[in-house]
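**Student:** Quick mapping for you: the protein sequence lines, in order, are chains L and C. With the first letter of the first sequence counted as 1, position 358 gets the number 358 in UniProt numbering; the numbers rise by one all the way through. With the first letter of the second sequence counted as 1, position 370 gets the number 370 in UniProt numbering; the numbers rise by one all the way through.
There are 2 protein chains.
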Amino acid sequence: MTEDVTSIIADMTAKARAAARHVAGASDAQKAEALLAAAAAMRAAVPAILAANAKDMEAGAANGLSAAMLDRLKLDEARLEGVASAVEQVARLEDPVGKVIDRSERPNGLVMERVRVPVGVLAIIYESRPNVTADAAALGLRSGNAVILRGGSEAVNSNRAIHAAMVEGIVKAGLPADAVQLVPTQDRAAVGALLKAQGQIDMVIPRGGKSLVARVQDEARVPVLAHLDGICHTYVHAKADPAMAEAIAVNAKMRRTGICGATETLLIDQDYPEPSRLIGALLDAGCEVRADDMLMELDQRTVPADEEDWGTEYLEPIVSAKMVSGVDEAIEHIARYGSQHTESIITSDEAAAAQFLSGVDSAIVMHNASTQFADGGEFGLGAEIGIATGRLHARGPVALEGLTTYKWLVHGSGQTRP
Amino acid sequence: MTEDVTSIIADMTAKARAAARHVAGASDAQKAEALLAAAAAMRAAVPAILAANAKDMEAGAANGLSAAMLDRLKLDEARLEGVASAVEQVARLEDPVGKVIDRSERPNGLVMERVRVPVGVLAIIYESRPNVTADAAALGLRSGNAVILRGGSEAVNSNRAIHAAMVEGIVKAGLPADAVQLVPTQDRAAVGALLKAQGQIDMVIPRGGKSLVARVQDEARVPVLAHLDGICHTYVHAKADPAMAEAIAVNAKMRRTGICGATETLLIDQDYPEPSRLIGALLDAGCEVRADDMLMELDQRTVPADEEDWGTEYLEPIVSAKMVSGVDEAIEHIARYGSQHTESIITSDEAAAAQFLSGVDSAIVMHNASTQFADGGEFGLGAEIGIATGRLHARGPVALEGLTTYKWLVHGSGQTRP
Numbered sequence: 001m002t003e004d005v006t007s008i009i010a011d012m013t014a015k016a017r018a019a020a021r022h023v024a025g026a027s028d029a030q031k032a033e034a035l036l037a038a039a040a041a042m043r044a045a046v047p048a049i050l051a052a053n054a055k056d057m058e059a060g061a062a063n064g065l066s067a068a069m070l071d072r073l074k075l076d077e078a079r080l081e082g083v084a085s086a087v088e089q090v091a092r093l094e095d096p097v098g099k100v101i102d103r104s105e106r107p108n109g110l111v112m113e114r115v116r117v118p119v120g121v122l123a124i125i126y127e128s129r130p131n132v133t134a135d136a137a138a139l140g141l142r143s144g145n146a147v148i149l150r151g152g153s154e155a156v157n158s159n160r161a162i163h164a165a166m167v168e169g170i171v172k173a174g175l176p177a178d179a180v181q182l183v184p185t186q187d188r189a190a191v192g193a194l195l196k197a198q199g200q201i202d203m204v205i206p207r208g209g210k211s212l213v214a215r216v217q218d219e220a221r222v223p224v225l226a227h228l229d230g231i232c233h234t235y236v237h238a239k240a241d242p243a244m245a246e247a248i249a250v251n252a253k254m255r256r257t258g259i260c261g262a263t264e265t266l267l268i269d270q271d272y273p274e275p276s277r278l279i280g281a282l283l284d285a286g287c288e289v290r291a292d293d294m295l296m297e298l299d300q301r302t303v304p305a306d307e308e309d310w311g312t313e314y315l316e317p318i319v320s321a322k323m324v325s326g327v328d329e330a331i332e333h334i335a336r337y338g339s340q341h342t343e344s345i346i347t348s349d350e351a352a353a354a355q356f357l358s359g360v361d362s363a364i365v366m367h368n369a370s371t372q373f374a375d376g377g378e379f380g381l382g383a384e385i386g387i388a389t390g391r392l393h394a395r396g397p398v399a400l401e402g403l404t405t406y407k408w409l410v411h412g413s414g415q416t417r418p
Numbered sequence: 001m002t003e004d005v006t007s008i009i010a011d012m013t014a015k016a017r018a019a020a021r022h023v024a025g026a027s028d029a030q031k032a033e034a035l036l037a038a039a040a041a042m043r044a045a046v047p048a049i050l051a052a053n054a055k056d057m058e059a060g061a062a063n064g065l066s067a068a069m070l071d072r073l074k075l076d077e078a079r080l081e082g083v084a085s086a087v088e089q090v091a092r093l094e095d096p097v098g099k100v101i102d103r104s105e106r107p108n109g110l111v112m113e114r115v116r117v118p119v120g121v122l123a124i125i126y127e128s129r130p131n132v133t134a135d136a137a138a139l140g141l142r143s144g145n146a147v148i149l150r151g152g153s154e155a156v157n158s159n160r161a162i163h164a165a166m167v168e169g170i171v172k173a174g175l176p177a178d179a180v181q182l183v184p185t186q187d188r189a190a191v192g193a194l195l196k197a198q199g200q201i202d203m204v205i206p207r208g209g210k211s212l213v214a215r216v217q218d219e220a221r222v223p224v225l226a227h228l229d230g231i232c233h234t235y236v237h238a239k240a241d242p243a244m245a246e247a248i249a250v251n252a253k254m255r256r257t258g259i260c261g262a263t264e265t266l267l268i269d270q271d272y273p274e275p276s277r278l279i280g281a282l283l284d285a286g287c288e289v290r291a292d293d294m295l296m297e298l299d300q301r302t303v304p305a306d307e308e309d310w311g312t313e314y315l316e317p318i319v320s321a322k323m324v325s326g327v328d329e330a331i332e333h334i335a336r337y338g339s340q341h342t343e344s345i346i347t348s349d350e351a352a353a354a355q356f357l358s359g360v361d362s363a364i365v366m367h368n369a370s371t372q373f374a375d376g377g378e379f380g381l382g383a384e385i386g387i388a389t390g391r392l393h394a395r396g397p398v399a400l401e402g403l404t405t406y407k408w409l410v411h412g413s414g415q416t417r418p
């Protein structure tokens with residue numbers, strides 16, 4: 001194989017395009033069978049995958065990866081079992097392909113139908129977690145797409161071992177091995193080549209930190225399904241039930257601070273009766289509260305927030321807190337500082353809730369619920385490829401349907417256009 | 001106003017963003033009223049618009065525009081009445097905003113709803129036809145978006161006069177004038193600035209010839225809803241009824257040769273019983289037939305096709321014609337040379353039709369109908385902004401729904417995530 005990255009990628013995309021046409025026509029049963037066989041192959045390959053992962057861990061330690069990075073990289077029997085059963089769960093999801101979106105009959109007798117079809121060839125670019133190799137391959141294949149995977153170099157051996165098992169299952173089900181390809185070179189130029197493969201790659205999905213996503217969005221000449229910041233807001237309205245407000249605010253911030261659906265800013269209505277109890281509950285839960293002047297007076301454990309805090313995704317037990325004059329100011333603040341990810345209003349006032357739900361322009365807007373529910377599984381979508389914060393194609397949690405598009409079928413009986 | 005193009009565009013996009021939030025919250029009735037008032041204002045302004053158009057025609061003639069270009073540029077009372085009533089038709093279309101796409105209740109009681117919302121700020125970049133100023137503004141506003149229009153310099157006076165009338169109606173209905181803005185400068189740098197306005201413009205829609213669309217796709221750093229070639233195919237299968245095949249083939253090619261839905265390549269099955277009658281019908285209709293060797297033998301009026309013909313969008317009374325061995329070869333040929341726009345199979349064999357409909361990867365696939373039906377109006381969508389040949393967001397004829405996206409609304413009763 002030539003080491004010329006451009007030709008490697010051109011060869012892979014050509015094979016992917018051919019495989020995509022095959023997979024697009026595969027039956028629901030065949031795609032499900034491929035994933036069940038892949039999960040079985042992964043279980044059979046546990047020793048090999050763990051050996052490969054051990055190599056990556058060794059190299060990672062030698063290269064001074066942080067403990068957190070090493071933990072993301074690490075596989076063990078339990079984690080691998082989780083990966084395999086996640087693939088089986090995707091196999092059991094309903095096939096979106098072929099689903100009729102809508103259908104109408106025209107006065108001239110033509111019947112117009114919109115049916116779901118796969119997007120085509122997906123490129124998924126991700127970082128250290130090797131489980132993404134299996135997750136992304138499973139979701140892409142289940143929705144009838146061909147997938148090109150580009151994992152992080154620190155997980156190269158783990159990714160190759162998992163990919164080999166996936167392909168074994170895919171081939172066993174009679175689908176082409178090229179339906180799921182792993183970029184063989186770690187040369188960063190490969191990413192650039194994928195991002196510029198107009199007409200060969202139909203959609204790029206970056207999964208990783210801000211810098212990766214930003215680079216992909218910046219360089220890509222093909223459509224990107226991207227997920228940027230999750231600067232999520234919880235707005236406690238004047239008519240919020242204090243017990244509910246405290247339970248939701250603490251959960252929204254503290255259940256897991258490192259996920260994109262974690263609340264980063266708490267907006268408290270100036271007429272909310274129990275602001276100090278609310279702030280206190282977060283402080284008692286071990287959260288640092290960076291407050292504006294009004295709220296700082298309520299609890300001496302708070303620290304002052306500066307302008308930068310309102311636009312910061314902490315992903316840590318830190319929350320910025322601001323007092324607002326009402327729903328309008330809450331909506332204004334979110335429009336100015338938010339990232340159009342997930343916001344929630346806590347209130348028993350239906351009119352205020354309706355104003356917030358329609359006035360906030362985010363992928364997910366909630367009423368009386370924790371922003372930590374921003375997750376494809378919680379939405380009943382099964383596994384998710386990610387949460388899209390862009391405006392087009394798919395928004396919010398993206399699962400199988402978001403990896404499809406549609407085409408129009410027109411059924412005639414000889415109609416010509418006058 | 002400064003002539004610094006970048007600051008002009010930055011100022012326009014900021015105003016558009018503010019207006020977009022206002023229009024997104026406007027009621028169905030208010031948006032309809034704005035368009036009806038705009039149509040009325042346009043009728044009242046007929047003399048002013050025609051005077052402005054006369055200036056453009058004069059300049060166009062002086063600049064040596066072709067007769068075809070001058071005809072596209074020309075307005076008269078009848079054409080203006082058509083433009084005004086088209087705006088009224090858009091006013092009468094159903095408002096897509098707020099429509100619930102789907103709704104589900106989770107075991108924990110959370111109710112997930114997907115509702116249609118406007119895309120936000122649209123930039124529409126178009127060429128000489130001044131009617132696009134009204135059409136695009138009407139469709140964008142009807143679907144709750146703010147619109148920035150950039151028309152061709154040859155129509156600058158006509159566009160300004162039509163835009164002024166549109167804004168008059170919009171303001172009369174209590175919507176912000178900034179909801180529909182026309183780029184005031186003809187400096188080409190303005191287009192570049194629009195195409196790079198990430199985060200300020202949500203979608204760019206080019207309407208014009210290949211070179212315009214290609215430039216937009218190449219330069220854009222914001223999502224593009226594009227329509228490239230319409231290299232449409234009509235495949236006459238072995239089991240096609242000859243009378244139907246001839247009627248559809250002649251209509252698909254000759255009804256109007258200049259539209260994107262016109263058939264450019266005719267594929268004839270080797271087992272179709274009446275190929276020479278079919279070729280003859282096209283020749284008799286005044287169509288040049290560029291045929292492969294097999295078909296050339298059938299009629300001496302045909303001329304030889306070369307490799308380039310299979311990938312050419314003639315937009316003229318010329319058709320390329322090829323004999324194929326069956327449905328598989330037809331699908332292969334279309335995959336190789338087509339532009340994923342519109343293809344049709346003519347057959348009485350349901351299995352062959354099903355194979356073609358599922359195997360052809362185009363925005364529109366037809367059975368026993370003329371490719372000239374590729375039009376939003378014929379699909380019952382009302383006016384269309386264009387026919388998208390990309391794969392994501394919206395495909396095929398794009399009308400109001402294609403100018404919307406969705407957001408998730410989550411209705412809770414205090415749920416926190418375990």
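Virtual Cβ for every residue (Gly too), placed ideally from N, Cα, C. The structure displayed is predicted, hence computed values, not measured ones.
Please work out which residues of its chain come closer than 7 angstroms, Cβ to Cβ, to C:S339, disregarding the five sequence neighbours upstream and downstream, and give them in chain order.
**Tutor:** Within the second sequence, residue 339 of chain C is the residue found at index 339, counting from 1. Correct list, in chain order: L228, D229, G230, I231 and T389.
**Student:** Distance cutoff 8 angstroms, beta carbons only. Does C:N145 sit that close to anything in chain L?
**Tutor:** Residue 145 of chain C sits at position 145 when you count from the first residue of the second sequence. Chain L contact via Cβ: absent.
**Student:** Ordered along the chain, which non-local residues of its own chain (more than five positions away) have a Cβ less than 7 angstroms from that of L:V250?
**Tutor:** Reading the first sequence from its first residue, position 250 is the one you call residue 250 of chain L. Counting only Cβ-Cβ distances below 7 angstroms, and skipping sequence neighbours, we find A281, L282 and A285.
**Student:** Can you confirm whether C:S339, when its beta carbon is compared against all beta carbons of chain L, has any partner nearer than 8 angstroms?
**Tutor:** To locate residue 339 of chain C, count along the second sequence from 1; it is residue 339. Closer than 8 angstroms: no.
**Student:** Does the Cβ-Cβ distance between C:H22 and C:P242 come in under 8 angstroms?
**Tutor:** Here residue 22 of chain C is taken as the residue at index 22 of the second sequence, counted from 1. Here residue 242 of chain C is taken as the residue at index 242 of the second sequence, counted from 1. In this structure, C:P242 does not lie closer than 8 angstroms to C:H22 by Cβ.
**Student:** Going by DSSP in three states, C:M1 sits in which element: helix, strand or coil?
**Tutor:** The residue labelled residue 1 of chain C in the question sits at position 1 within the second sequence. The pLDDT assigned to C:M1 is 41, lower than 50, so where the model puts this residue is not dependable, and the model offers no usable value.
**Student:** Identify every residue that forms a DSSP beta bridge with L:S320.
**Tutor:** One-based indexing of the first sequence puts residue 320 of chain L at position 320. Answer by DSSP bridge pairing, in chain order: L:T265 and L:R290.
**Student:** Going by Cα to Cα distance, which pick from L:A29, L:Y272, L:V365 and L:A291 is closest to L:I170?
**Tutor:** To locate residue 170 of chain L, count along the first sequence from 1; it is residue 170. Answer by Cα proximity: L:A29.
**Student:** I want to see whether chain C comes within less than 8 angstroms of L:G286, judged by CB atoms only; does it?
**Tutor:** For this step, residue 286 of chain L is matched to residue 286 along the first sequence. Not an interface residue.
**Student:** Report the residue from L:A179, L:E307 and L:A352 whose alpha carbon sits nearest the alpha carbon of L:K239.
**Tutor:** Indexing the first sequence from 1 puts residue 239 of chain L at position 239. The shortest Cα separation from L:K239 among L:A179, L:E307 and L:A352 belongs to L:A352.
**Student:** Would C:G377 be called buried (16 or more neighbouring beta carbons within 10 Å of its own) or exposed?
**Tutor:** Reading the second sequence from its first residue, position 377 is the one you call residue 377 of chain C. Under this definition C:G377 is an exposed residue.
**Student:** Could you please give the first and the last residue of the uninterrupted alpha helix (DSSP H) stretch that includes C:T234?
**Tutor:** Along the second sequence, read from residue 1 onward, the residue named residue 234 of chain C stands at position 234. No alpha helix (DSSP H) contains C:T234, which is instead part of the beta strand (DSSP E) from C232 to V236.
**Student:** So who's on the other strand from L:P118, going by DSSP bridges?
**Tutor:** Position 118 of the first sequence, counted from the first residue, corresponds to residue 118 of chain L. DSSP output for L:P118 lists L:T404 as bridge partner(s).
**Student:** Please report the residue range of the alpha helix (DSSP H) in which C:E81 lies.
**Tutor:** Residue 81 of chain C sits at position 81 when you count from the first residue of the second sequence. That run of the alpha helix (DSSP H) goes E77 to R92.
**Student:** Any Cβ of chain L within less than 8 angstroms of the Cβ of C:W408?
**Tutor:** As a working note, residue 408 of chain C is residue 408 in the second sequence. True, the Cβ-Cβ gap to chain L drops below 8 angstroms.
**Student:** Considering only the beta carbon of each residue, do C:I125 and C:L70 sit closer than 8 angstroms?
**Tutor:** As a first step, residue 125 of chain C is located in the second sequence; it is residue number 125 there, counting from the start. As a first step, residue 70 of chain C is located in the second sequence; it is residue number 70 there, counting from the start. Not closer than 8 angstroms, so no.
**Student:** Only counting the same chain, and skipping five residues up and downstream in sequence, which positions put a Cβ closer than 6 angstroms to that of L:R255?
**Tutor:** As a position in the first sequence, residue 255 of chain L is number 255, starting the count at 1. The residues are Q372.
**Student:** Quick check: is the beta carbon of L:A369 nearer than 8 angstroms to any beta carbon in chain C?
**Tutor:** Mapped onto the first sequence, residue 369 of chain L falls at position 369. With 8 angstroms as the cut-off, L:A369 counts as an interface residue toward chain C.
**Student:** Name, in chain order, the residues that DSSP records as bridge partners for C:A247.
**Tutor:** Counting from one through the second sequence, the residue named residue 247 of chain C turns up at place 247. None, per the DSSP bridge assignment.
**Student:** Given a threshold of 16 other Cβ atoms within 10 Å of its Cβ, counted over all protein chains shown, does L:S320 qualify as buried or as exposed?
**Tutor:** The residue you call residue 320 of chain L lines up with position 320 of the first sequence. Classification for L:S320: buried.
**Student:** On the CB-based measure, 16 or more other CB atoms within 10 Å of its CB, does L:A91 come out buried or exposed?
**Tutor:** As a working mapping, residue 91 of chain L is identified with position 91 in the first sequence. Result: buried.
**Student:** Quick check: what's the CA-CA separation for L:I279 versus L:R129?
**Tutor:** By one-based count along the first sequence, residue 279 of chain L stands at place 279. By one-based count along the first sequence, residue 129 of chain L stands at place 129. Using only the alpha carbons, I get a separation of about 35 angstroms.
**Student:** Excluding the five sequence neighbours on either side, which residues of its own chain have a C-beta within less than 7 angstroms of the C-beta of C:G192, listed in chain order?
**Tutor:** Counting from one through the second sequence, the residue named residue 192 of chain C turns up at place 192. Taken in chain order, the residues that qualify are E219.
**Student:** By the 10 Å Cβ neighbour count, where 16 or more other Cβ atoms means buried, how is L:R336 classified, buried or exposed?
**Tutor:** By 1-based counting over the first sequence, the position of residue 336 of chain L is 336. Counting Cβ neighbours within 10 Å, L:R336 comes out exposed, since fewer than 16 surround it.
**Student:** Please state the DSSP three-state secondary structure of C:Y337.
**Tutor:** Within the second sequence, the letter at position 337 stands for residue 337 of chain C. Three-state DSSP puts C:Y337 in a helix.
**Student:** With three or more C-beta pairs closer than 8 angstroms as the rule, is the region 37 to 55 of chain L touching the region 139 to 158 of chain L?
**Tutor:** Cβ pair count under 8 angstroms is three or more, so yes.
**Student:** Kindly say whether C:I385, judged by its beta-carbon, lies nearer than 8 angstroms to any beta-carbon of chain L.
**Tutor:** What you label residue 385 of chain C is simply residue 385 of the second sequence in a count that begins at 1. C:I385 does not count as touching chain L.
**Student:** With distances taken between CB atoms, is the gap from C:V111 to C:V100 smaller than 8 angstroms?
**Tutor:** As a position in the second sequence, residue 111 of chain C is number 111, starting the count at 1. As a position in the second sequence, residue 100 of chain C is number 100, starting the count at 1. Not a contact, by the Cβ cut-off of 8 angstroms.
**Student:** Along the region 93 to 116 of chain L, where does the CB come closer than 7 angstroms to a CB of chain C? Name the residues.
**Tutor:** Answer set for the region 93 to 116 of chain L: S104, R106, L110 and M112.
**Student:** How far does the alpha helix (DSSP H) with L:H163 in it reach, from first residue to last?
**Tutor:** Translated into the one-based positions of the first sequence, residue 163 of chain L becomes position 163. Segment V156 to K172, the alpha helix (DSSP H) holding L:H163.
**Student:** Would you mind sorting C:P184 into buried or exposed? The rule is 16 or more other CB atoms within 10 Å of its CB.
**Tutor:** Start at 1 with the first residue of the second sequence, and residue 184 of chain C comes out as number 184. Exposed.
**Student:** Measuring only between beta-carbons, confirm whether C:D229 sits less than 8 angstroms from chain L.
**Tutor:** Position 229 of the second sequence holds residue 229 of chain C. Taking Cβ atoms only, chain L never reaches closer than 8 angstroms to C:D229, which makes this a no.
**Student:** Kindly say whether L:E378, judged by its beta-carbon, lies nearer than 8 angstroms to any beta-carbon of chain C.
**Tutor:** Within the first sequence, the letter at position 378 stands for residue 378 of chain L. Yes, its Cβ sits closer than 8 angstroms to a Cβ of chain C.
**Student:** Could you tell me whether the Cβ of C:P244 comes closer than 8 angstroms to any Cβ of chain L?
**Tutor:** Taking the first residue of the second sequence as position 1, residue 244 of chain C is located at position 244. A quick correction: the sequence has Met, not Pro, at residue 244 of chain C. At least one chain L Cβ lies under 8 angstroms of C:M244.
**Student:** Name, please, each residue of chain C whose Cβ falls closer than 8 angstroms to the Cβ of L:R395.
**Tutor:** As a working mapping, residue 395 of chain L is identified with position 395 in the first sequence. Those are T405, Y406, K407 and W408, listed as they occur along chain C.
**Student:** Would you say C:L75 lies against chain L (beta-carbon separation less than 8 angstroms)?
**Tutor:** Within the second sequence, the letter at position 75 stands for residue 75 of chain C. Not closer than 8 angstroms to any Cβ of chain L, the Cβ of C:L75 fails to qualify, so no.
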